[in-house]
Amino acid sequence: MNLPRLTNTLTRQVEPLAPLAPPKVGLYTCGPTVYARVHIGNLRTFLAYDLVARTLRARGADVVHVMNVTDVDDRTLDEARRRGVPLREVTDRHLAEFLADLDALRVVRPAVMPRATEHIPDMVALVRSLEARGHTYEADGSVYFRIATLPGYGKLSRLPTSGLKAGARVSHDHYSKEEARDFVLWKAWTPDDGDVAWDAPFGRGRPGWHLECSAMSRHYLGETLDVHMGGVDLVFPHHENEIAQSEGATGKPFVRHFVHTGFVNLEAVKMSKSLGNVRTLDAVRTLGLAPEDFRYWALSVRYRDPIVFSEEGLVAAARARADLVALRKRLREATGEGTGPGTSAAAAARSRLDEALDDDLNVSAALAALHELKTEMNRLLGRGELARADADAAEAAFAHADGIFGCFAVPGEEATPADVSALVLERETARKRRDFAASDRIRKDLAARGWAVEDTPAGPKVRRAGR
RNA sequence: GGCGGCAUCGCCAAGCGGCAAGGCAAGGGAUUGCAAAUCCCUCAUCCCCGGUUCAAAUCCGGGUGCCGCCUCCA
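The numbering of the first sequence is my numbering, which starts it at 881 and goes up by one.
1. Can you tell me whether DSSP reads Tyr1017 as helix, strand or coil?
2. Enumerate in chain order the residues of its own chain whose CB-to-CB distance from Arg1230 is below 7 Å, with the five nearest sequence positions on each side excluded.
3. Name the DSSP bridge partner or partners of Met1151?
4. Out of curiosity, what's the CA-to-CA distance linking Ala1320 and Glu1217?
5. So Asn865 is in the alpha helix (DSSP H); what residue range does that whole segment cover?
6. In angstroms with no decimal places, state the Cα-to-Cα distance between Leu1261 and Gly1339.
7. Name the DSSP beta bridge partners of Ile1187, please?
8. So who's on the other strand from Leu1335, going by DSSP bridges?
9. Looking at the secondary structure, which residues open and close the alpha helix (DSSP H) in which Phe926 lies?
10. Along the chain, where does the beta strand (DSSP E) that runs through Ser1022 open and close?
11. Quick check on Arg1086: does DSSP put it in helix, strand or coil?
12. Just to confirm my understanding: we take Tyr915, look at its own chain, exclude 5 residues before and 5 after, and list those with CB closer than 7 Å. What are they?
13. Any contact of the region 976–988 with the region 1012–1027, i.e. 3+ C-beta pairs under 8 Å?
14. Tell whether a beta-carbon distance below 9 Å holds between Glu1355 and Thr950.
15. Ignoring anything shorter than 3 residues or poking outside the region 1058–1132, list the beta strand (DSSP E) runs there in chain order.
16. Whose C-beta lies closer than 7 Å to the C-beta of Leu1247 among residues of the same chain, with five residues either side of it excluded?
17. Helix, strand or coil for Ala1328? Go by DSSP, reduced to three states.
18. Kindly list the residues whose CB is nearer than 7 Å to the CB of Ala1289, restricted to its own chain and excluding five residues on each side of it in sequence; keep chain order.
19. Beta-carbon within less than 8 Å of Ala1327's beta-carbon, same chain only, minus the 5 sequence neighbours each way: which residues are those?
20. Would DSSP call Asp958 helix, strand or coil?
21. What are the partner residues of Val1181, as DSSP defines its beta bridges?
22. In the DSSP assignment, find the alpha helix (DSSP H) that holds Gly1168 and state where it starts and stops.
23. Could you name the residues of the same chain whose beta carbon sits closer than 7 Å to that of Ala1318, not counting the 5 residues immediately before and after it, in chain order?
24. Thr909 lies in the beta strand (DSSP E); which residues open and close that run?
25. Please state whether DSSP places Thr1215 in a helix, a strand or coil.
26. If distances are taken between C-alpha atoms only, which option among Glu1275, Asp1073, Asp1185 comes closest to Pro966?
27. Using 8 Å for Cβ pairs, my map puts Ala928 next to Val905. What's the rounded Cβ distance?
28. Leaving out five residues before and five after Ser1009 in sequence, what residues of the same chain have Cβ atoms less than 7 Å from its Cβ?
29. Applying the criterion that 16 or more other CB atoms from any shown protein chain within 10 Å of the CB defines a buried residue, is Ala1298 buried or exposed?
30. Of the residues Val1107, Phe978, Ala1245, Glu1127, which one's Cα is nearest the Cα of Gly1014?
31. Is it the case that the Cβ atoms of Val1076 and Arg1184 are separated by a distance below 9 Å?
32. Evaluate the contact criterion for the region 992–1002 versus the region 1170–1180: three or more CB pairs, one atom per stretch, below 8 Å.
33. Should Tyr1033 and Glu1058 be called a contact, given that it needs their Cβ atoms to be closer than 9 Å?
34. By DSSP's criteria, Thr889 is part of a beta bridge. Which residues make up the other side?
35. List the endpoints of the continuous beta strand (DSSP E) containing His974.
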């Protein structure tokens, strides 16, 4: 099994994935906090997870993908309080929206998407083992992790621990910490939490932010994860603290390969709710583009590089994708006998694509191979020199690429409405008698109804007008 | 201030020492009644300054600029 090389944040190197028990690959990804609609930046990251999972599967890996859903934290509680509804109502609603967005984007659903609130006992048990190993202390009913007890702390983010200025940004509920870098494992109940609280040996309260990932990843995938993914902003403190919790509790390496995704920027600065510059998938639909266009756009830049969200970029992506899909459909027209240069071109394109993907998901090079294959096929088709067997080979390459990129499916043929067919026929009659004024008028008419007609040697072809 | 990343054609972007992929846009041509679609052709010495080398976008040193992280954050 030849697995792709990916940048490992632990070493800052591109390294081959090395699962503990191949062909199984345990993939844990940080999912959404369901307090609002996920934005495009979040979706880009989730698409990167999907690309990794699909690429691994295409290489024969048995991927077990687990994505957590954070349904209890400061933000979800704030939202519930603000709206005056139960926490569960807020999280259920946004979780449903999130799943709808994933489906629209053809994301393969993770095998398990555990909600934090369904694993409180696992979290409590984890805190207990950390207590037993002397990594914790209690203050004002909350339980904290004492970083000083873990020598390797900071190995992921490589931030100088001395650089953390004690007291500089300590928020009110972290107030009792001994050291600024310590973090909360269990938050004592406060009146603001209302009825959201669980009983634990160390007091009534709720879990700290990082706890769920350590507890749930262990529950589903074991003590050591093959791959753990998340946005770059999670490197510190989230993933650093997960390492502390997990390794503090088990004494074993928590993650073999940490992979982080880059931001989506809006006019050079990152998209984030706190900056108030977020866009959702609806912004793509408003432009008249399909979710798959967004998918192509988001996947066309390497996962760890930043990408700028713009209408221009999205439209460019949509056009590039449309050409690929159009060719794939056109491949059906090939009727030539025997085999020609198309077969080897298809094989070459496919191996170029796979090699590019293996190289830290070099999607630019992979897509270039696909576009060059497209041009070659169009050329052969135009000359009527494409053999059926060649077209089949090319189709196989596109099907393979679609299995990974997930945005090259040829849409199901939409039945042409009777009135549209009638107009097309009428127009063709006009053309036959060289009444081009009438012909053009009818074409405009069709366009107004959202249909485009193209004249070909084989007669007029109608299709849904795209942008 | 500390740490990290990036700077290649109008826009996006590959490239990891040997004469600069690909996509979008643009111009010219073929084809077309006109279009559309498609094909062909054209369009860059790689932020700046030094250095190493027969050879550098690619390595080294020094600048400049942009972005991110430094306990809300994909």
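For each residue, glycine too, the CB sits at the ideal point set by N, CA and C.
Taking the definition as stated:
1. Stepping through the first sequence from its first residue, residue 1017 is reached at position 137. If DSSP states are grouped into helix, strand and coil, Tyr1017 belongs with the strands.
2. In the first sequence, residue 1230 corresponds to position 350, counting from 1. The answer, listed in chain order, is Ala1277, His1280.
3. The residue labelled residue 1151 in the question sits at position 271 within the first sequence. Met1151 pairs with nothing; no bridge assigned.
4. Position 440 of the first sequence, counted from the start, is the residue given in the question as residue 1320. Position 337 of the first sequence, counted from the start, is the residue given in the question as residue 1217. Inspection of the sequence shows that residue 1320 is occupied by Asp rather than by Ala. So the two alpha carbons sit approximately 38 Å from each other.
5. Nothing in the structure corresponds to residue 865, since the chain is present only between 881 and 1347.
6. Position 381 of the first sequence, counting from 1, holds the residue named residue 1261. Position 459 of the first sequence, counting from 1, holds the residue named residue 1339. The alpha-carbon atoms of Leu1261 and Gly1339 are separated by roughly 17 Å.
7. The residue labelled residue 1187 in the question sits at position 307 within the first sequence. Paired residue(s): Val1144.
8. Position 455 of the first sequence, counting from 1, holds the residue named residue 1335. The sequence given here has Asp at residue 1335, not Leu. Beta-bridge pairing links Asp1335 to Pro1340.
9. Taking the first residue of the first sequence as 1, we reach residue 926 at position 46. 920–938 is the span of the alpha helix (DSSP H), which, as asked, contains Phe926.
10. On the first sequence, residue 1022 is found 142 positions in, with the first residue counted as 1. Looking at the DSSP string, the run of the beta strand (DSSP E) that includes Ser1022 is 1022–1025.
11. As a working note, residue 1086 is residue 206 in the first sequence. Of the three classes helix, strand and coil, the one that applies to Arg1086 here is strand, per DSSP.
12. The count along the first sequence starts at 1 and reaches residue 915 at position 35. The answer, listed in chain order, is Arg955, Thr956, Glu959, Val970, His974.
13. no
14. Nothing about residue 1355 can be read from this structure; the chain reaches only from 881 to 1347.
15. 1063–1068, 1085–1087, 1105–1111
16. As a working note, residue 1247 is residue 367 in the first sequence. Ser1180.
17. In the first sequence, the residue the question calls residue 1328 occupies position 448. In the structure shown, Ala1328 sits in a helix (DSSP, three-state: H, G or I).
18. Taking the first residue of the first sequence as 1, we reach residue 1289 at position 409. Answer for Ala1289: Asp1282, listed in chain order.
19. Locating residue 1327 in the first sequence gives position 447, where the first residue counts as 1. Ala1345, listed in sequence order.
20. Start at 1 with the first residue of the first sequence, and residue 958 comes out as number 78. Looking at Asp958 - three-state DSSP - the assignment turns out to be helix.
21. Position 301 of the first sequence, counted from the start, is the residue given in the question as residue 1181. Per DSSP, none; premise fails for Val1181.
22. By one-based count along the first sequence, residue 1168 stands at place 288. Run containing Gly1168: none; DSSP gives neither H nor E here.
23. Counted from its first residue, the first sequence places residue 1318 at position 438. So the qualifying residues of the chain are Ala1310.
24. Reading the first sequence from its first residue, position 29 is the one you call residue 909. Taken as a continuous stretch (DSSP letters only), the beta strand (DSSP E) holding Thr909 covers 904–909.
25. By one-based count along the first sequence, residue 1215 stands at place 335. Residue state, collapsed to three classes: coil.
26. The residue labelled residue 966 in the question sits at position 86 within the first sequence. Comparing Cα-Cα distances from Pro966 to each of Glu1275, Asp1073, Asp1185, the minimum goes to Asp1073.
27. Residue 928 sits at position 48 when you count from the first residue of the first sequence. Residue 905 sits at position 25 when you count from the first residue of the first sequence. Going by Cβ atoms, the distance from Ala928 to Val905 rounds to 16 Å, so no, they are not a contact pair.
28. Locating residue 1009 in the first sequence gives position 129, counting from the first residue. Only Ala1129 meet the Cβ criterion.
29. Stepping through the first sequence from its first residue, residue 1298 is reached at position 418. Ala1298 comes out exposed.
30. On the first sequence, position 134 is the one that residue 1014 refers to. The residue with the shortest Cα to Cα distance from Gly1014 is Glu1127.
31. The residue labelled residue 1076 in the question sits at position 196 within the first sequence. The residue labelled residue 1184 in the question sits at position 304 within the first sequence. Not in contact: Val1076 and Arg1184 (Cβ atoms no closer than 9 Å).
32. no
33. As a first step, residue 1033 is located in the first sequence; it is residue number 153 there, counting from the start. As a first step, residue 1058 is located in the first sequence; it is residue number 178 there, counting from the start. No. Outside cutoff.
34. Reading the first sequence from its first residue, position 9 is the one you call residue 889. DSSP output for Thr889 lists no bridge partner at all.
35. Within the first sequence, numbered from 1, the residue matching residue 974 stands at position 94. Unbroken run through His974 is the alpha helix (DSSP H), 967–984; no beta strand (DSSP E).
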